[in-house]
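See the structure below:
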């Protein structure tokens, strides 16, 4: 039961441009959303989060947008840097945390 | 500061052999503990979570089991591994009481290959 979906398995972006990673969810009970970043052979690390009472949260180059009516959230990275190349997981919580399948971002120099 | 460690980092086991992955958390008490699995092409699947010593909840029926013998120790086990058990296993913790709004802190992961 995939309650959190990341439909794009991969994304390639040129350095300096914007990266947009998308995530859709089905459970309207989710009240907290997070993005995690994962490098190969390492555990994911927390990147940014947003509560369901907000529609935007910004932290430096990273901004998360939440559209509750569409059950959609996105992560914007601008400007993208080669060090941003990693797998990004979307997660949603309503007591326990559910993860999407991840999107592999490649930022080309 | 809090730290989480899991081991071994890499494991190659034959089908039918037992498994034991261990995870410990330092620098905090009464954490919620979790075991996730990342299989190829799939997201992080929650396998087990624990809110206290001896308290284990299982998310999906499977060939694996978990135990929490101490407050900050979480063990993933199997008596007989299957090929389908191959994957990247992640231990994680969160602060008690903030499980639904707090972030998860993950260990380094354990790569299991069952041959």
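Protein chains in written order, with this note's numbering: chain D, 23 to 131; chain U, 21 to 135. Where is the CB? At the ideal position from N, CA and C, for every residue including glycine.
Taken residue by residue, none of the region 24-52 of chain U has a beta-carbon sitting less than 7 Å from a beta-carbon on chain D.
No Cβ of chain U is located within less than 7 Å of the beta carbon of residue 114/D. Here DSSP, grouped into helix, strand and coil, assigns residue 72/U to strand. For residue 114/D, the beta-bridge partners assigned by DSSP are 55/D and 120/D. Taking 8 Å as the upper bound for CB-CB distance, residue 108/D and residue 59/D are in contact here, some 5 Å apart.
In chain order, 39, 101, 132, 133, 134 and 135 place their CB closer than 8 Å to the CB of residue 33/U, counting only its own chain and leaving out the 5 sequence neighbours on each side. Here the region 88-108 of chain U makes contact with the region 44-58 of chain U; the two share three or more CB pairs at distances below 8 Å.
In the three-state DSSP reduction, residue 104/U falls in the helix class (H, G or I).
When secondary structure is reduced to three states using DSSP, residue 62/D falls in the coil class, being assigned neither helix nor strand.
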